[in-house]
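Peer 1:
Residue numbers (this note's numbering), protein chains in the order written: chain B, 1 to 401; chain H, 1 to 245.
1) Which same chain residues end up closer than 8 angstroms to residue 84 of chain H when comparing Cβ atoms and leaving out the 5 residues on each side of it in sequence?
2) 8 angstroms is my cut-off, CB to CB: does residue 155 of chain H come that close to chain B?
3) Identify every run of the beta strand (DSSP E) within the stretch 140-195 of chain B, keeping only runs that are complete inside it and at least 3 residues long; order them along the chain.
4) Establish whether the CB of residue 91 of chain H and some CB of chain B are separated by less than 8 angstroms.
5) Kindly indicate which residue of B:16, B:63, B:303 and B:324 has the alpha-carbon position closest to the one of residue 256 of chain B.
6) Output the boundary residues of the beta strand (DSSP E) element that contains residue 246 of chain H.
7) Taking Cβ-Cβ distances below 9 angstroms as the criterion, which residues of the stretch 183-217 of chain H are in contact with chain B?
8) What is the residue span of the beta strand (DSSP E) that residue 99 of chain B lies within?
9) Just mark residue 17 of chain H as buried or exposed, buried being the case when its beta carbon has 16 or more other beta carbons within 10 Å.
10) Just verifying my parser: in three-state terms, what is the DSSP assignment at residue 206 of chain H?
11) What are the boundary residues of the alpha helix (DSSP H) that residue 126 of chain B is part of?
12) Using the C-alpha atoms, what's the distance from residue 283 of chain B back to residue 315 of chain B?
13) Are the C-beta of residue 333 of chain B and some C-beta of chain H separated by less than 8 angstroms?
14) Quick check on the DSSP output: the alpha helix (DSSP H) that includes residue 348 of chain B runs from which residue to which?
15) I'd like the list of long-range same chain contacts for residue 173 of chain B, defined as Cβ closer than 6 angstroms, with 5 residues on each side in sequence excluded.
16) By Cβ distance below 7 angstroms, which residues in the same chain neighbour residue 131 of chain B in space, the five residues on each side in sequence not counted?
17) Taking CB distances under 8 angstroms as the criterion, tell me whether residue 26 of chain H reaches chain A.
18) Going along chain H, which residues have a C-beta under 8 angstroms from residue 15 of chain B?
19) Less than 8 angstroms between the CB atoms is what I'm expecting for residue 295 of chain B and residue 384 of chain B, so what's the real figure, rounded?
20) Quick one: any contact between the stretch 342-356 of chain B and the stretch 124-137 of chain H, if contact means 3 or more CB pairs under 8 angstroms?
21) Mark residue 364 of chain B as exposed unless 16 or more other C-beta atoms lie within 10 angstroms of its C-beta, in which case mark it buried.
22) Can a CB atom of chain H be found closer than 8 angstroms to the CB of residue 359 of chain B?
23) Straight-line CA distance for residue 388 of chain B to residue 65 of chain H?
24) For a contact defined as C-beta to C-beta under 9 angstroms, what are the partners of residue 78 of chain H on chain B?
25) What does residue 123 of chain H reach in chain B if we use C-beta pairs closer than 8 angstroms?
26) Tell me whether residue 64 of chain B sits in a helix, a strand or coil according to DSSP, three-state version.
27) Along chain B, which residues have their Cβ under 8 angstroms away from the Cβ of residue 103 of chain H?
28) Check for me: the beta strand (DSSP E) holding residue 204 of chain B runs from which residue to which?
29) Rounded to a whole number of angstroms, what is the C-alpha to C-alpha distance between residue 58 of chain H and residue 398 of chain B?
30) Is the separation between the beta-carbon of residue 148 of chain B and that of residue 124 of chain B shorter than 8 angstroms?
31) For residue 268 of chain B and residue 128 of chain B, which I take to be in contact (beta-carbon distance under 8 angstroms), what is that distance rounded to the nearest angstrom?
32) Hey, could you find the ends of the beta strand (DSSP E) residue 121 of chain B is sitting in?
33) Once the 5 residues before and after residue 112 of chain B are set aside, which same chain residues still bring their CB inside 6 angstroms of it?
34) Looking only at its chain, what residues have a beta carbon closer than 8 angstroms to the beta carbon of residue 335 of chain B, apart from the 5 residues adjacent to it on each side?
35) Between the stretch 288-312 of chain B and chain H, which residues of the former have CB atoms less than 8 angstroms from a CB of the latter, in chain order?
36) What is the DSSP secondary structure of residue 41 of chain H, reduced to helix, strand or coil?
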């Protein structure tokens with residue numbers, strides 16, 4: 001009986017291919033969008049984790065403010081270079097310490113200009129961030145100490161300002177200062193947050209403080225822990241040292257933050273996951289709308305086929321058999337939509353993954369759930385029209401024109 | 001030969017199939033209520049071929065709906081074999097229709113865009129017959145009504161007479177105890193009508209299928225063995241048809 005009902009509904013769908021397709025379009029889009037969002041979101045999350053892992057698990061980020069989040073720290077006491085020096089001097093098992101501050105500026109060379117990020121730090125920066133200089137040299141001690149106008153530029157900046165020209169020894173303009181290019185960073189590509197890590201101009205910290213930001217602040221201290229030692233131990237030591245240096249009484253909370261990569265990873269993947277969940281919720285709404293579309297068409301179909309229902313009832317069909325027929329039809333329709341949606345989602349996920357440089361991770365679970373959900377939509381929204389059909393009075397239905 | 005009581009004339013040798021005892025049907029309530037049947041007594045035995053006639057509003061359609069278990073009496077009892085139909089619920093009446101009754105309508109009422117074979121198979125689907133048996137029996141029924149070779153045609157590709165034959169095949173494919181025909185020739189010209197009536201007559205004669213038919217036309221009623229006239233919700237006359245066939 002069920003198999004018959006399925007065959008029957010397939011025949012009904014075939015009779016009205018265009019209408020069936022339009023009916024199920026809502027489900028197609030809903031299922032497609034949900035799966036695409038989850039797949040791409042999952043890929044992005046995995047990528048964040050992977051990139052953080054590639055940065056090394058031995059990195060600690062020390063930032064002022066109670067919580068670390070992008071663009072925080074109003075009203076908190078900033079760090080100074082002395083804090084970074086103290087960490088390097090007083091904490092054991094520390095491999096490198098890089099105080100970092102940055103500001104976005106417009107870099108100008110000749111008639112080319114490019115808005116970029118200028119970062120002030122020291123030579124430890126290369127070690128801590130796992131980057132190397134491809135051409136040229138790092139800063140010399142005297143340049144760092146005197147705050148000389150020299151810079152190391154990233155691949156993107158080179159391309160934008162110099163094109164095919166050799167940048168070495170040329171002078172680029174950063175606000176009021178004119179900086180000699182002494183080195184070129186090796187390319188690193190996009191970061192976890194989707195920013196271009198090669199869109200960077202690196203200058204000595206002192207140069208940045210004196211001539212660009214105009215203050216002594218250090219926005220961030222990056223600490224690289226020696227291989228084979230516990231980051232937790234170093235984390236605690238840094239916390240103790242900084243509490244002392246910032247004169248915090250035992251009852252005070254930390255007004256700074258020492259995070260290891262695990263915590264940063266958690267925070268970043270948390271953001272990605274939240275975003276994914278929001279987008280998925282929006283997509284799920286379209287599934288609901290799709291369900292209402294199915295109900296609408298099923299109601300029209302019941303009215304159109306009133307006579308047919310009358311015939312079936314007169315021949316001896318039971319209420320539940322008519323109910324089943326229409327319910328199966330709704331479910332077959334919505335499941336079809338689900339299947340098409342799955343195919344579309346896989347295609348669009350593959351495409352989006354390629355465009356967004358995110359790994360494509362096939363999530364069988366969500367495909368299965370989305371399919372079940374589309375079938376459930378058929379049951380839920382098909383039930384009312386089916387009930388309407390089953391409850392028809394056969395005499396009235398047979399008279400229906 | 002006019003009689004008020006069929007039992008007297010037919011004796012007890014034939015088995016009773018249908019019996020109305022004081023069947024009343026009232027539509028609506030209060031002042032707007034309408035009495036369609038006003039205490040009808042009627043008995044139909046197995047193997048009979050009954051024509052029901054009467055002007056519109058005489059109650060013959062209501063009688064047919066009750067006979068077909070599509071409607072139930074307001075008062076009185078309707079016995080189908082030894083089952084009191086008034087006591088059955090909607091589903092039980094559907095099952096009764098499924099297993100014991102076949103329907104032929106004025107407007108054919110075939111499923112459109114569905115082949116003749118599939119139309120005839122429909123009642124067997126609800127009976128849960130396996131596909132092979134369904135096909136064999138449907139083909140047999142189509143052959144009986146003279147439509148061998150027309151199995152794959154849809155109603156749209158068939159003439160009115162042919163459509164009515166498919167409808168008759170659908171009605172008899174289950175081997176029902178009674179065939180209920182509601183103006184089966186109402187939409188057909190005289191020649192086609194005669195063909196249909198001849199088919200019904202032969203089904204009654206050769207297969208012993210009990211037939212109850214509502215008709216407007218005296219010519220068509222003449223094919224039946226017994227003619228009942230309805231007037232104002234009551235049986236006005238009930239006579240055996242003397243015509244020798």
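Virtual Cβ for every residue (Gly too), placed ideally from N, Cα, C.
Peer 2: In terms of the structure at hand:
1) Translated into the one-based positions of the second chain, residue 84 of chain H becomes position 84. Closer than 8 angstroms at the Cβ level, and outside the excluded window around residue 84 of chain H, lie 77 and 78.
2) Looking up residue 155 of chain H in the second chain gives position 155. Answer no: the Cβ-Cβ gap between residue 155 of chain H and chain B never drops below 8 angstroms.
3) 150-153, 171-174 and 177-185
4) One-based indexing of the second chain puts residue 91 of chain H at position 91. True, the Cβ-Cβ gap to chain B drops below 8 angstroms.
5) For the purposes of this step, residue 256 of chain B is identified with residue 256 of the first chain, where counting begins at 1. Measuring from the Cα of residue 256 of chain B, the nearest candidate turns out to be B:63.
6) Coverage of chain H is limited to positions 1 through 245, which leaves residue 246 of chain H absent and any answer about it impossible.
7) none
8) Here residue 99 of chain B refers to the residue found at position 99 of the first chain. Per DSSP, residue 99 of chain B belongs to the beta strand (DSSP E) from 94-109.
9) Stepping through the second chain from its first residue, residue 17 of chain H is reached at position 17. Flag for residue 17 of chain H reads buried.
10) Numbered from 1 along the second chain, position 206 holds the residue referred to as residue 206 of chain H. Helix at residue 206 of chain H.
11) Here residue 126 of chain B refers to the residue found at position 126 when the first chain is read from its first residue. First-last of the alpha helix (DSSP H) with residue 126 of chain B: 124-128.
12) Sequence index remark: in the first chain, residue 315 of chain B carries index 315 (1-based). Sequence index remark: in the first chain, residue 283 of chain B carries index 283 (1-based). If I take the Cα positions, the gap works out to 44 angstroms.
13) Here residue 333 of chain B refers to the residue found at position 333 when the first chain is read from its first residue. Not closer than 8 angstroms to any Cβ of chain H, the Cβ of residue 333 of chain B fails to qualify, so no.
14) Within the first chain, residue 348 of chain B is the residue found at index 348, counting from 1. Looking at the DSSP string, the run of the alpha helix (DSSP H) that includes residue 348 of chain B is 319-355.
15) The count along the first chain starts at 1 and reaches residue 173 of chain B at position 173. These residues qualify, in order along the chain: 108.
16) Mapped onto the first chain, residue 131 of chain B falls at position 131. Excluding positions up to five away in sequence, the list reads 185, 186 and 188.
17) Of the chains in the structure shown, none is chain A; the protein chains are B and H.
18) By one-based count along the first chain, residue 15 of chain B stands at place 15. Within chain H, the residues near residue 15 of chain B are 113.
19) For the purposes of this step, residue 295 of chain B is taken as the residue at position 295 of the first chain. For the purposes of this step, residue 384 of chain B is taken as the residue at position 384 of the first chain. About 6 angstroms separates the two Cβ atoms, so the contact holds.
20) no
21) Indexing the first chain from 1 puts residue 364 of chain B at position 364. Flag for residue 364 of chain B reads exposed.
22) Here the question's residue 359 of chain B lines up with position 359 in the first chain. Not closer than 8 angstroms to any Cβ of chain H, the Cβ of residue 359 of chain B fails to qualify, so no.
23) By one-based count along the first chain, residue 388 of chain B stands at place 388. By one-based count along the second chain, residue 65 of chain H stands at place 65. Taking the straight line joining both Cα atoms gives about 22 angstroms.
24) Translated into the one-based positions of the second chain, residue 78 of chain H becomes position 78. Under the 9 angstroms cutoff, chain B gives no residues; its nearest Cβ is about 16 angstroms from residue 78 of chain H.
25) If you number the second chain from 1, residue 123 of chain H lands on position 123. Chain B residues near residue 123 of chain H: 315 and 316.
26) Residue 64 of chain B sits at position 64 when you count from the first residue of the first chain. In the structure shown, residue 64 of chain B sits in a strand (DSSP, three-state: E or B).
27) The count along the second chain starts at 1 and reaches residue 103 of chain H at position 103. Result: 314 and 315.
28) The residue given as residue 204 of chain B occupies position 204 in the first chain. From DSSP, the beta strand (DSSP E) with residue 204 of chain B extends over 200-204.
29) Taking the second chain and counting its residues from 1, one reaches residue 58 of chain H at position 58. Taking the first chain and counting its residues from 1, one reaches residue 398 of chain B at position 398. Roughly 20 angstroms between the two C-alpha positions.
30) Position 148 of the first chain holds residue 148 of chain B. Position 124 of the first chain holds residue 124 of chain B. No, the Cβ-Cβ distance between residue 148 of chain B and residue 124 of chain B is not below 8 angstroms.
31) Numbered from its first residue, the first chain carries residue 268 of chain B at position 268. Numbered from its first residue, the first chain carries residue 128 of chain B at position 128. Wrong, their Cβ atoms sit about 18 angstroms apart, outside the cutoff.
32) The residue labelled residue 121 of chain B in the question sits at position 121 within the first chain. Taken as a continuous stretch (DSSP letters only), the beta strand (DSSP E) holding residue 121 of chain B covers 112-121.
33) One-based indexing of the first chain puts residue 112 of chain B at position 112. Excluding sequence neighbours, residue 112 of chain B sits near 161.
34) Stepping through the first chain from its first residue, residue 335 of chain B is reached at position 335. Cβ neighbours of residue 335 of chain B beyond the five flanking positions: 371, 374, 375 and 378.
35) 307, 308, 310, 311 and 312
36) Locating residue 41 of chain H in the second chain gives position 41, where the first residue counts as 1. DSSP places residue 41 of chain H in strand when its eight states are reduced to three.
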